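Student: Below is one structure. I have some questions about it.
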Amino acid sequence: MSDTTSAAFHPTSSLFARFMASVDRLLLAWHETSVRNGDVPYFGL
């Protein structure tokens, strides 16, 4: 028997992860539009 083991982890796409990815895409699009228009993006909440 071997001294080491390996496990295969499959990425799970939970509803929360998909929601956070959508929010991330929205914020990135907003940021790119702001930079394109010459606006200084606001940092923070």
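Heads up: take any position in the sequence shown, counting from 1, add 375, and you land on our numbering. Quick reminder that beta carbons are idealized off the backbone N, C-alpha and C, glycines included. None of the values given here were measured: they were computed from a predicted structure.
#1: If you run the structure through DSSP and keep just helix, strand and coil, what is T379?
#2: If you follow the alpha helix (DSSP H) that D414 is part of, which residue opens it and which one closes it?
#3: Output the distance between the C-alpha atoms of R400 and G413, rounded to the nearest integer angstrom.
Tutor: Put simply:
#1: The answer is coil: DSSP assigns T379 none of H, G, I, E or B.
#2: Neither: D414 is in no alpha helix (DSSP H) and is coded neither H nor E.
#3: Approximately 20 angstroms between the Cα atoms of the pair.
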